[in-house]
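Numbering (the UniProt record's numbering), first residue to last: 1 to 169.
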């Protein structure tokens with residue numbers, strides 16, 4: 001399936017937020033309704049903030065215009081950036097609508113982030129993923145050339161382990 005990746009418009013924000021919450025819930029990233037998971041669900045739903053703090057990208061079906069996935073591309077030092085070093089970029093909150101999985105949407109979004117970093121003169125893209133529930137994402141990152149980077153591993157809250165990945169651009 002062909003997808004087009006572009007910068008999100010304000011009209012895309014509600015759908016991008018819904019997709020992020022639905023995808024993260026489906027893949028076990030949003031456990032209990034209370035605690036850190038509920039706060040993270042609020043962040044996922046708030047696509048407008050991601051657009052304000054970085055560049056919110058969406059993957060769309062070129063025939064229908066339907067939003068199929070979303071990701072926040074972030075330069076080092078942006079308010080949402082968590083792990084990139086100077087000269088690097090990162091992306092966060094990669095999400096594919098569960099109804100559009102296995103159609104190349106995630107790959108297109110990741111490749112768009114890598115190309116954007118290259119065009120912006122960055123040396124690498126650094127990312128992190130949950131080590132216990134993001135098996136599909138990790139396979140995608142490996143296929144696209146990302147390398148495990150243990151020095152970027154961290155815990156945003158107790159009990160949530162994130163593992164680092166990096167690709168030179």
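Quick reminder that beta carbons are idealized off the backbone N, C-alpha and C, glycines included.
Q. Taking the Cβ atom as the reference point for each residue, do residue 95 and residue 126 lie within a distance shorter than 9 Å?
A. Reading the chain shown from its first residue, position 95 is the one you call residue 95. Reading the chain shown from its first residue, position 126 is the one you call residue 126. Their beta carbons are not under 9 Å apart, which means residue 95 does not touch residue 126 by this criterion.
Q.
Taking its Cβ as the centre, do 16 or more other Cβ atoms sit within 10 Å of residue 17, making it buried, or is it exposed?
A. Within the chain shown, numbered from 1, the residue matching residue 17 stands at position 17. Label assigned to residue 17: buried.
(Q) Between which residues of its own chain and residue 195 is the CB-CB distance below 7 Å, once the five residues before and five after are set aside? (A) Coverage of the chain is limited to positions 1 through 169, which leaves residue 195 absent and any answer about it impossible.
Q) Should residue 97 be labelled buried (16 or more other beta-carbon atoms within 10 Å of its own) or exposed? A) Position 97 of the chain shown, counted from the first residue, corresponds to residue 97. Label assigned to residue 97: buried.
Q | Secondary structure of residue 6, DSSP reduced to three states | A | Indexing the chain shown from 1 puts residue 6 at position 6. Looking at residue 6 - three-state DSSP - the assignment turns out to be strand.
Q. Do three or more CB pairs link the stretch 132 to 149 to the stretch 57 to 74 at distances below 8 Å?
A. no
Q: Grab the span of the alpha helix (DSSP H) containing residue 106 for me, first residue to last.
A: On the chain shown, residue 106 is found 106 positions in, with the first residue counted as 1. From DSSP, the alpha helix (DSSP H) with residue 106 extends over 105 to 119.
Q.
Could you check whether the stretch 72 to 83 touches the stretch 101 to 108, counting it as contact only if at least three pairs of C-beta atoms, one from each stretch, sit closer than 8 Å?
A. no
Q: Determine the DSSP secondary structure at residue 52, reduced to helix, strand or coil.
A: For this step, residue 52 is matched to residue 52 along the chain shown. Here residue 52 sits in helix by DSSP.
Q.
Please identify the residue among 58, 40 and 10 whose C-alpha is closest to the C-alpha of residue 52.
A. Taking the chain shown and counting its residues from 1, one reaches residue 52 at position 52. The option with the nearest alpha carbon to residue 52 is 10.
Q: Have a look at 8, 88, 45 and 21 and flag the residue whose alpha-carbon is nearest the alpha-carbon of residue 55.
A: Within the chain shown, the letter at position 55 stands for residue 55. Measuring from the Cα of residue 55, the nearest candidate turns out to be 8.
Q: May I ask you to report which of helix, strand or coil DSSP gives residue 39?
A: Along the chain shown, one-based indexing puts residue 39 at 39. In this structure, residue 39 counts as helix in the three-state DSSP scheme.
Q. What does a CB cutoff of less than 6 Å around residue 141 pick up in its chain, not counting 5 residues either side in sequence?
A. As a working note, residue 141 is residue 141 in the chain shown. The answer, listed in chain order, is 165.
Q.
Tell me the rounded alpha-carbon separation between residue 156 and residue 163.
A. By 1-based counting over the chain shown, the position of residue 156 is 156. By 1-based counting over the chain shown, the position of residue 163 is 163. So the alpha carbons of these two residues sit roughly 11 Å apart.
Q | Distance, residue 159 Cα to residue 5 Cα | A | Along the chain shown, read from residue 1 onward, the residue named residue 5 stands at position 5. Along the chain shown, read from residue 1 onward, the residue named residue 159 stands at position 159. The alpha-carbon atoms of residue 5 and residue 159 are separated by roughly 34 Å.
Q.
Bridge partners for residue 167 per DSSP, in chain order?
A. As a first step, residue 167 must be located in the chain shown, where it is residue number 167. Per DSSP, 125.
Q) If you follow the alpha helix (DSSP H) that residue 80 is part of, which residue opens it and which one closes it? A) By 1-based counting over the chain shown, the position of residue 80 is 80. Unbroken run through residue 80: none, as it is neither H nor E.
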